[in-house]
Amino acid sequence: MDGKRLEQISFKNQLPELSEMSEGELLEMLQGIDSICSKARGEIEAELASRGVYPEPEDDELGIEGG
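For the sequence shown, the residue numbers in the numbering used here are 1337 to 1403.
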């Protein structure tokens, strides 16, 4: 999927009104999104690795703990 394809996706128009959904439905949707994104990220990273390109490591996603 290229950048143009990503731009064509309009989540706001494809998702139901969030305020009308139950907490269970919202949690289920969030878990589904996480799963899809994790799978896509893995596939993209594997493709980049096959081309000898390795992304810079990111900071801890949960943030840096203060001390």
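The beta carbon of each residue, even a glycine, is placed where N, CA and C say it ideally should be.
Cα-Cα separation between K1375 and E1381, rounded to whole angstroms
10 Å
The alpha helix (DSSP H) spanning R1377 covers which residue range?
E1359 to S1386
Can you give me the C-alpha to C-alpha distance between G1378 and S1358, rounded to a whole angstrom?
30 Å
Just how far apart, CA to CA, sit E1361 and P1352?
11 Å
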